[in-house]
Ligand SMILES: Nc1ncnc2c1ncn2[C@@H]1O[C@H](COP(=O)(O)OP(=O)(O)OP(=O)(O)O)[C@@H](O)[C@H]1O
Ligand SMILES: [Mg+2]
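In our numbering, the protein residues as written are 3 to 362.
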């Protein structure tokens with residue numbers, strides 16, 4: 003192949019393509035990538051790629067693994083920003099370069115360029131307004147419900163035992179709706195997390211004990227802690243809510259007769275970083291995993307479990323994980339899930355408490 007042909011092929015790739023050297027600096031790029039990053043190849047070459055691109059996903063670790071193993075890495079639906087303009091939702095394909103140890107080639111495929119952008123935002127705000135709408139409804143429905151339940155109770159005073167069943171049903175079902183509405187309202191009441199130095203293990207212990215006394219009485223909960231884990235930055239009560247929700251889900255997923263085992267695993271991972279679309283980044287070295295050996299996420303909702311009102315249970319409201327995800331994102335943290343039958347791992351990554359907080 004002539005260098006000229008090589009150049010032509012490089013230029014023909016219809017999506018932004020960047021060649022990275024082993025130090026993750028831009029070694030070469032095609033014209034589409036120049037356009038994407040809104041700068042000339044001359045200026046971009048040699049620059050660390052992550053100074054030029056902000057990716058809203060913690061990539062470092064998986065990228066390092068791909069490099070080490072010589073395997074390609076596909077990352078879908080991430081926001082990719084370039085500093086000069088709003089981020090686009092992209093799919094990234096990163097592959098090791100044959101014969102060049104440590105070098106990678108990265109293809110950035112924006113998902114339908116302009117159109118997709120607004121769509122993705124409207125999806126996010128749709129979820130938000132679904133909750134907003136539900137909150138408003140919750141408020142409006144609670145009063146008439148109280149009236150219905152009260153009327154049913156009055157009626158029941160004059161009824162024979164055979165008809166009592168029906169008024170009882172009315173009262174019971176209205177209670178269930180009120181409970182659902184209260185859960186919806188929780189979202190509205192959720193305040194900004196406080197910033198304190200939080201001992202994660204205290205939170206886990208509290209959650210563990212209360213789960214074993216209640217919804218998780220049939221479970222075994224094993225502690226697998228890194229005792230040297232430093233303090234996290236966050237709100238202990240909200241983090242407790244998070245862990246309680248995860249433990250409840252794991253307990254509900256297990257067979258009530260045979261029980262199951264949940265492992266609470268904490269560890270420190272120095273290199274875990276979140277890069278936000280606006281270019282700011284944060285290290286999230288504290289890792290908490292809640293691992294259960296139950297049946298795993300139902301395949302049909304696997305991709306959406308963090309969305310509100312997505313539930314695989316007959317009586318589930320689908321708000322537990324939506325709340326969890328909101329709290330973690332308010333903490334500037336990260337949550338992900340990996341699930342196969344027999345092993346479901348919810349992993350939370352949190353920032354460290356600032357040094358001066360730790361003293362108090
Ligand atoms: N550890 C798990 N194992 C298997 N499936 C799970 C697990 N955690 C969550 N799920 C699935 O994800 C769905 C959504 O969970 P989420 O906590 O958001 O709602 P829910 O538990 O159905 O209702 P709620 O928490 O509001 O009572 C669950 O219904 C369940 O199908
Ligand atoms: Mg739940």
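C-beta atoms are modelled at their ideal positions from N, C-alpha and C, and glycine is treated no differently.
Span separating the alpha-carbon of residue i from that of residue j
{"i": "residue 14", "j": "residue 62", "result": "29 Å"}
{"i": "residue 21", "j": "residue 285", "result": "26 Å"}
{"i": "residue 123", "j": "residue 157", "result": "Residue placement at residue 123 is flagged as unreliable, the pLDDT there being 39, under the threshold of 50; a coordinate-derived value is accordingly withheld."}
{"i": "residue 77", "j": "residue 217", "result": "36 Å"}
{"i": "residue 18", "j": "residue 81", "result": "15 Å"}
{"i": "residue 11", "j": "residue 98", "result": "18 Å"}
{"i": "residue 109", "j": "residue 33", "result": "12 Å"}
{"i": "residue 117", "j": "residue 330", "result": "With a pLDDT of 36 at residue 117, under the threshold of 50, the predicted position of this residue should be treated as unreliable, though the coordinate-derived value follows. If you take the alpha carbons of residue 117 and residue 330, they lie about 29 Å apart."}
{"i": "residue 233", "j": "residue 198", "result": "9 Å"}
{"i": "residue 224", "j": "residue 339", "result": "19 Å"}
{"i": "residue 220", "j": "residue 251", "result": "13 Å"}
{"i": "residue 9", "j": "residue 36", "result": "14 Å"}
{"i": "residue 41", "j": "residue 31", "result": "11 Å"}
{"i": "residue 175", "j": "residue 328", "result": "29 Å"}
{"i": "residue 5", "j": "residue 16", "result": "19 Å"}
{"i": "residue 72", "j": "residue 192", "result": "45 Å"}
{"i": "residue 103", "j": "residue 354", "result": "34 Å"}
{"i": "residue 344", "j": "residue 298", "result": "6 Å"}
{"i": "residue 60", "j": "residue 272", "result": "12 Å"}
{"i": "residue 215", "j": "residue 264", "result": "15 Å"}
{"i": "residue 240", "j": "residue 159", "result": "43 Å"}
{"i": "residue 341", "j": "residue 190", "result": "30 Å"}
{"i": "residue 182", "j": "residue 319", "result": "7 Å"}
{"i": "residue 350", "j": "residue 113", "result": "28 Å"}
{"i": "residue 136", "j": "residue 287", "result": "35 Å"}
{"i": "residue 143", "j": "residue 267", "result": "42 Å"}
{"i": "residue 7", "j": "residue 134", "result": "56 Å"}
{"i": "residue 79", "j": "residue 356", "result": "32 Å"}
{"i": "residue 347", "j": "residue 152", "result": "45 Å"}
{"i": "residue 126", "j": "residue 325", "result": "Legend: pLDDT at residue 126 = 46, less than 50; position of this residue unreliable, value from coordinates given subsequently. Computed Cα separation, rounded: 15 Å."}
{"i": "residue 121", "j": "residue 163", "result": "Caution is warranted here: a pLDDT of 37 is assigned to residue 121, below 50, making its placement in the model unreliable, and the coordinate value is therefore given only provisionally. Spanning the two alpha carbons is a distance of roughly 56 Å."}
{"i": "residue 154", "j": "residue 313", "result": "30 Å"}
{"i": "residue 230", "j": "residue 149", "result": "55 Å"}
{"i": "residue 57", "j": "residue 100", "result": "25 Å"}
{"i": "residue 374", "j": "residue 238", "result": "Look at the range of the chain in this structure, 3 to 362, and you will see that residue 374 is not part of it."}
{"i": "residue 38", "j": "residue 74", "result": "22 Å"}
{"i": "residue 180", "j": "residue 90", "result": "41 Å"}
{"i": "residue 276", "j": "residue 283", "result": "6 Å"}
{"i": "residue 93", "j": "residue 301", "result": "22 Å"}
{"i": "residue 235", "j": "residue 352", "result": "7 Å"}
{"i": "residue 106", "j": "residue 322", "result": "40 Å"}
{"i": "residue 305", "j": "residue 270", "result": "27 Å"}
{"i": "residue 316", "j": "residue 23", "result": "52 Å"}
{"i": "residue 3", "j": "residue 111", "result": "26 Å"}
Rounded Cβ spacing between residue i and residue j (contact assumed at less than 8 Å)
{"i": "residue 173", "j": "residue 140", "result": "The Cβ separation is near 19 Å, so there is no contact."}
{"i": "residue 202", "j": "residue 290", "result": "6 Å"}
{"i": "residue 194", "j": "residue 332", "result": "7 Å"}
Identity of the residues DSSP links to residue i by a beta bridge
{"i": "residue 76", "result": "95"}
{"i": "residue 30", "result": "21"}
{"i": "residue 342", "result": "345"}
{"i": "residue 294", "result": "264 and 346"}
{"i": "residue 275", "result": "285"}
{"i": "residue 83", "result": "56"}
{"i": "residue 90", "result": "82"}
{"i": "residue 106", "result": "22 and 98"}
{"i": "residue 300", "result": "In the DSSP output, where bridge partners are listed per residue, residue 300 has none listed."}
{"i": "residue 269", "result": "289"}
{"i": "residue 351", "result": "289 and 336"}
{"i": "residue 50", "result": "27"}
{"i": "residue 111", "result": "93"}
{"i": "residue 235", "result": "199"}
{"i": "residue 257", "result": "261"}
Proximity test, residue i beta-carbon vs ligand 3 heavy atom, cut-off 7 Å
{"i": "residue 356", "result": "Looking at this structure, you won't find ligand 3 anywhere; what it does contain is ligand 1 and ligand 2."}
CB contact check: residue i to chain C, cutoff 8 Å
{"i": "residue 98", "result": "Absent from the structure: chain C. Only one protein chain is present."}
Counting beta carbon pairs with one atom in the segment 9-28 and one in the segment 49-68, are three or more of them shorter than 8 Å? yes
Counting Cβ pairs, one atom from each stretch, are 3 or more of them under 8 Å apart for the segment 30-48 and the segment 56-70? Output reads no: the segment 56-70 does not touch the segment 30-48.
Per the contact definition of three or more C-beta pairs closer than 8 Å, is the segment 256-264 in contact with the segment 302-316? no
Which ranges would you report for the alpha helix (DSSP H) in the segment 192-226 if only whole runs of at least 4 residues count? 202-215
Does the segment 292-303 come close enough to the segment 244-258 that 3 or more CB-CB pairs lie under 8 Å? yes
Would the segment 195-214 and the segment 241-250 be scored as touching if the rule is three or more Cβ pairs under 8 Å? yes
Runs of alpha helix (DSSP H) wholly within the segment 142-166 (minimum 4 residues, chain order): Runs of alpha helix (DSSP H) with 4 or more residues, each lying fully within the segment 142-166, are absent.
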